[in-house]
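See below for the structure under consideration.
Protein chains: 2
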Amino acid sequence: MTAIVPFKNNDAKSRLSGIMNRREREEFALCMLRDVVNTLKESKVDEVLVMSTSLLDDDDFDILLNPEPLNEAVNEVLRKSERPLLIAMSDLALIRSWNVDEMISRKEDVVIAPGRRGGTNMLFLHEPSRFRSDYYGASFLDHIRIAEDRGLTLGVYDSFFASSDIDQEEDLVEVLIHNERESASFLRSMGVSLCFENGDVGVIRR
Amino acid sequence: MTAIVPFKNNDAKSRLSGIMNRREREEFALCMLRDVVNTLKESKVDEVLVMSTSLLDDDDFDILLNPEPLNEAVNEVLRKSERPLLIAMSDLALIRSWNVDEMISRKEDVVIAPGRRGGTNMLFLHEPSRFRSDYYGASFLDHIRIAEDRGLTLGVYDSFFASSDIDQEEDLVEVLIHNERESASFLRSMGVSLCFENGDVGVIRR
Chain X
430 MTAIVPFKNN DAKSRLSGIM NRREREEFAL CMLRDVVNTL KESKVDEVLV MSTSLLDDDD
490 FDILLNPEPL NEAVNEVLRK SERPLLIAMS DLALIRSWNV DEMISRKEDV VIAPGRRGGT
550 NMLFLHEPSR FRSDYYGASF LDHIRIAEDR GLTLGVYDSF FASSDIDQEE DLVEVLIHNE
610 RESASFLRSM GVSLCFENGD VGVIRR
Chain E
430 MTAIVPFKNN DAKSRLSGIM NRREREEFAL CMLRDVVNTL KESKVDEVLV MSTSLLDDDD
490 FDILLNPEPL NEAVNEVLRK SERPLLIAMS DLALIRSWNV DEMISRKEDV VIAPGRRGGT
550 NMLFLHEPSR FRSDYYGASF LDHIRIAEDR GLTLGVYDSF FASSDIDQEE DLVEVLIHNE
610 RESASFLRSM GVSLCFENGD VGVIRR
């Protein structure tokens with residue numbers, strides 16, 4: 430089984446601009462990518478490919494270069510895939526290898542791990558060429574519709590860890606609390622820590 | 430097995446003030462409470478008690494009246510409980526009965542379903558009187574520490590549905606997409622629907 434991790438490093442994680450400069454954001458995005466790839470490598474997945482829009486300065490990754498936008502790049506892979514395929518976003522800093530194993534043990538044709546705000550954070554396809562991805566907007570609803578239109582059975586994989594894609598400053602709280610790998614260490618090394626105000630939890634950078 | 434659902438109806442859900450007036454917020458809070466209680470009743474839980482700061486105008490609930498703040502009220506119950514106990518927040522509009530059954534089948538002394546931003550959304554205690562709750566701030570971390578201090582084994586129940594407490598306007602997206610009960614119908618009846626802007630999903634009220 431192959432897992433594909435789409436990745437774009439150039440000006441990555443722009444919504445974190447309030448707390449990190451561009452180079453830091455790009456480095457943090459690489460940390461999260463490494464965490465996701467290492468988690469996948471510890472799971473029952475056989476092969477992990479990073480589908481990147483540019484070459485990366487890191488020998489640890491097997492790169493599938495594709496300069497196309499996300500949907501076009503993923504759909505090109507789906508069309509050509511003859512075996513089950515997992516697509517996992519590169520900012521799922523909280524996922525554990527058992528999340529991946531649970532996800533790929535599901536029997537439905539299409540299995541979605543929803544992200545917040547209607548997102549699709551992991552997508553497992555038994556027959557990728559029968560599916561088409563549509564990642565913008567409420568992709569969770571779009572993917573359900575596409576599966577129904579094509580007569581494919583659908584499962585939802587319910588996981589807090591898999592639902593937490595890291596985009597905004599408040600999401601860094603989840604990294605500091607629940608990430609057990611490189612991403613949380615990187616944040617701490619930059620002086621980012623939890624802060625508490627009026628019973629709420631946020632992050633602050635010293 | 431008993432489940433306790435702490436609830437405060439007076440000026441409920443104040444962070445939704447931008448989209449609902451006070452009466453609507455209190456009614457929405459009651460909708461979510463009913464969804465949570467009905468979900469618990471469909472699970473393997475034997476008894477569901479709503480621990481409320483005031484009497485409620487609804488005969489469907491078994492009320493445990495307690496005007497104390499959350500921690501004091503919960504800790505009073507914990508001290509007196511001689512059987513396993515589940516504490517579930519009243520705004521977990523997404524939980525399914527199988528979430529509850531999975532949670533209460535766990536063997537660790539203390540099982541936490543984390544909420545976002547360090548919250549504790551469900552808490553399952555095999556021996557409640559050995560534990561003490563501390564619900565403010567990063568309660569997930571505090572509850573881990575309390576379990577460790579008391580020599581209790583700890584489990585984390587990983588669920589997107591259980592992690593989604595509904596507090597802010599953006600959380601209504603989750604209700605409209607994933608709630609299958611009364612809360613989503615209530616929002617729709619008020620003219621609240623999903624809206625899409627720059628690939629982002631939010632809510633709008635007509």
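Protein sequence lines, in the order shown, are assigned to chains X and E.
Just so you know, we're using our numbering here: the first sequence kicks off at 430 and counts up by one.
Just so you know, we're using our numbering here: the second sequence kicks off at 430 and counts up by one.
Every residue, glycine too, gets a C-beta built ideally from N, C-alpha and C.
Bear in mind that the values here come from a model prediction, so they are computed numbers and not experimental data.
task = Quick one: list the residues of chain E neighbouring Glu-599 of chain X, beta-carbon separation under 9 Å, in chain order.
result = Reading the first sequence from its first residue, position 170 is the one you call residue 599 of chain X. Residues of chain E whose Cβ lies closer than 9 Å to the Cβ of Glu-599 of chain X are, in chain order, Arg-545 and Arg-546.
task = Kindly identify the DSSP beta-bridge partner or partners of Leu-552 of chain X.
result = The residue you call residue 552 of chain X lines up with position 123 of the first sequence. Looking at the DSSP assignment, Leu-552 of chain X forms a beta bridge with X:Ile-516 and X:Ile-541.
ask   = Taking the C-alpha atoms as reference points, what is the distance between Lys-509 of chain X and Leu-554 of chain X?
value = Here residue 509 of chain X refers to the residue found at position 80 when the first sequence is read from its first residue. Here residue 554 of chain X refers to the residue found at position 125 when the first sequence is read from its first residue. If I take the Cα positions, the gap works out to 13 Å.
message = Determine, for Asn-500 of chain X, whether the minimum Cβ-Cβ distance to residues of chain E falls below 9 Å.
response = For the purposes of this step, residue 500 of chain X is taken as residue 71 along the first sequence, with counting starting at 1. At least 9 Å separates the CB of Asn-500 of chain X from every CB of chain E.
request  = At 7 Å on the CB atoms, spell out the chain E contacts of Glu-603 of chain X, in chain order.
outcome  = As a working note, residue 603 of chain X is residue 174 in the first sequence. Under the 7 Å cutoff, chain E gives Arg-545.
query = Taking Cβ positions, are Leu-583 of chain E and Glu-537 of chain E nearer each other than 9 Å?
reply = Translated into the one-based positions of the second sequence, residue 583 of chain E becomes position 154. Translated into the one-based positions of the second sequence, residue 537 of chain E becomes position 108. Judged by their CB atoms, Leu-583 of chain E and Glu-537 of chain E are nearer to each other than the 9 Å cut-off.
query = For Val-474 of chain E, which three-state DSSP category applies?
reply = The count along the second sequence starts at 1 and reaches residue 474 of chain E at position 45. Of the three classes helix, strand and coil, the one that applies to Val-474 of chain E here is coil, per DSSP.
query = What residues in the region 606–629 of chain E have a beta carbon less than 9 Å from any beta carbon of chain X?
reply = Those would be Ile-606, His-607, Leu-623, Phe-625, Gly-628 and Asp-629, in chain order.
key: Proximal residues of chain E, C-beta to C-beta of Leu-570 of chain X below 7 Å   = For the purposes of this step, residue 570 of chain X is taken as residue 141 along the first sequence, with counting starting at 1. One finds Ile-606 in chain E with Cβ atoms closer than 7 Å to the Cβ of Leu-570 of chain X, taken in chain order.
task = From the DSSP output, in three-state form, read off Phe-625 of chain E for me.
result = The residue given as residue 625 of chain E occupies position 196 in the second sequence. In the three-state DSSP reduction, Phe-625 of chain E falls in the strand class (E or B).
query = Residue range of the beta strand (DSSP E) that Ala-613 of chain E falls in?
reply = Indexing the second sequence from 1 puts residue 613 of chain E at position 184. Unbroken run through Ala-613 of chain E is the alpha helix (DSSP H), 611–618; no beta strand (DSSP E).
request  = Note the first and the last residue of the continuous beta strand (DSSP E) segment covering Ile-492 of chain E.
outcome  = Counting from 1 along the second sequence, the entry for residue 492 of chain E is found at position 63. It spans 492–494 - the beta strand (DSSP E) in which Ile-492 of chain E sits, taken as one unbroken run.
query = Among all the DSSP beta bridges, which residues are the ones paired with Arg-634 of chain X?
reply = Your numbering for residue 634 of chain X matches position 205 in the first sequence. Partner(s): X:Val-621.
inquiry  = My assumption, with CB atoms under 8 Å, is that Glu-517 of chain X sits in contact with Val-602 of chain X. Please give the rounded CB distance.
reply    = Stepping through the first sequence from its first residue, residue 517 of chain X is reached at position 88. Stepping through the first sequence from its first residue, residue 602 of chain X is reached at position 173. It should be pointed out that residue 517 of chain X corresponds to Ala in this sequence rather than to Glu. Not quite, the Cβ-Cβ distance comes to about 22 Å (not below 8 Å), so this is no contact.
task = Could you confirm whether any beta carbon from chain X is found closer than 9 Å to the beta carbon of Phe-590 of chain E?
result = Numbered from 1 along the second sequence, position 161 holds the residue referred to as residue 590 of chain E. It does: the Cβ of Phe-590 of chain E has a partner Cβ on chain X nearer than 9 Å.
Residue burial classification, Asn-627 of chain X (beta-carbon count within 10 angstroms, cutoff 16) = Position 198 of the first sequence, counted from the start, is the residue given in the question as residue 627 of chain X. Under a 10 Å Cβ-count criterion, Asn-627 of chain X is classified as exposed, with fewer than 16 other Cβ atoms of the shown protein chains found around its own Cβ.
query = Quick one: what's got a C-beta closer than 7 Å to Val-540 of chain E's C-beta in the same chain, skipping five residues either side?
reply = Here residue 540 of chain E refers to the residue found at position 111 when the second sequence is read from its first residue. For Val-540 of chain E, the CB contacts under 7 Å within the same chain, skipping 5 residues up- and downstream, are Met-532, Phe-553, Gly-584 and Tyr-586 in chain order.
request  = Could you check the C-alpha separation between Leu-493 of chain X and Asp-486 of chain X for me, to the nearest Å?
outcome  = Position 64 of the first sequence, counted from the first residue, corresponds to residue 493 of chain X. Position 57 of the first sequence, counted from the first residue, corresponds to residue 486 of chain X. In this structure, the alpha-carbon of Leu-493 of chain X lies about 14 Å from that of Asp-486 of chain X.
query = For the candidate residues X:Leu-445, X:Val-479 and X:Ser-472, whose alpha-carbon lies nearest to that of Pro-496 of chain X?
reply = Residue mapping note: residue 496 of chain X aligns to position 67 of the first sequence, counting from 1. The shortest C-alpha separation from Pro-496 of chain X is found at X:Val-479.
ask   = Can you name the residues of chain E whose CB is closer than 8 Å to the CB of Ala-441 of chain X?
value = On the first sequence, residue 441 of chain X is found 12 positions in, with the first residue counted as 1. Within chain E, no residue comes near Ala-441 of chain X; the closest Cβ sits about 16 Å away, beyond 8 Å.
query = Would you call the region 562–570 of chain X and the region 559–567 of chain E touching, i.e. three or more CB-CB distances under 8 Å?
reply = Judged by Cβ distances under 8 Å, the region 562–570 of chain X makes no contact with the region 559–567 of chain E, as fewer than three pairs qualify.
task = Go through its chain and collect everything with a Cβ distance to Ser-481 of chain E's Cβ below 6 Å, but skip five positions before and after it.
result = Stepping through the second sequence from its first residue, residue 481 of chain E is reached at position 52. Around Ser-481 of chain E, the same chain offers Phe-436 and Ile-492 as residues with beta carbons nearer than 6 Å, after the five sequence neighbours per side are excluded.
Neighbouring residues, chain X, relative to Ala-576 of chain E (Cβ below 9 Å) = As a working note, residue 576 of chain E is residue 147 in the second sequence. Residues of chain X whose Cβ lies closer than 9 Å to the Cβ of Ala-576 of chain E do not exist, since the nearest Cβ in that chain is about 15 Å away.
Beta-carbon proximity list for Ser-443 of chain X, same chain, < 8 Å, skipping 5 on both sides = Here residue 443 of chain X is taken as the residue at index 14 of the first sequence, counted from 1. Answer for Ser-443 of chain X: Arg-454, listed in chain order.
request  = Tell me Leu-583 of chain X's beta-bridge partners as DSSP assigns them.
outcome  = Here residue 583 of chain X corresponds to residue number 154 of the first sequence, with the count starting at 1. The secondary-structure analysis by DSSP pairs Leu-583 of chain X across a beta bridge with X:Val-539.
key: Between the CA atoms of Phe-490 of chain E and Phe-615 of chain E - distance to the nearest angstrom   = Mapped onto the second sequence, residue 615 of chain E falls at position 186. Mapped onto the second sequence, residue 490 of chain E falls at position 61. One alpha carbon belongs to Phe-615 of chain E, the other to Phe-490 of chain E, and they sit about 19 Å apart.
ask   = Rounded to a whole number of angstroms, what is the C-alpha to C-alpha distance between Arg-451 of chain X and Asp-440 of chain X?
value = Counted from its first residue, the first sequence places residue 451 of chain X at position 22. Counted from its first residue, the first sequence places residue 440 of chain X at position 11. Spanning the two alpha carbons is a distance of roughly 6 Å.
task = Pick out whichever of E:Ser-593, E:Met-619 and E:Gln-597 has its Cα sitting closest to the Cα of Asn-608 of chain E.
result = Within the second sequence, the letter at position 179 stands for residue 608 of chain E. Nearest Cα to Asn-608 of chain E within the set E:Ser-593, E:Met-619 and E:Gln-597: E:Ser-593.
Contact list for Val-567 of chain E against chain X, beta-carbon separation under 9 Å = Within the second sequence, the letter at position 138 stands for residue 567 of chain E. Per the sequence presented here, residue 567 of chain E reads as Ala, with Val not at that position. Going along chain X in sequence order, the residues near Ala-567 of chain E (Cβ under 9 Å) are Val-602, Ile-606, Leu-623, Phe-625 and Val-630.
message = Checking the sheet assignment: what are the DSSP bridge partners for Ile-433 of chain X?
response = By 1-based counting over the first sequence, the position of residue 433 of chain X is 4. Its beta-bridge partners are X:Leu-478 and X:Ile-516.
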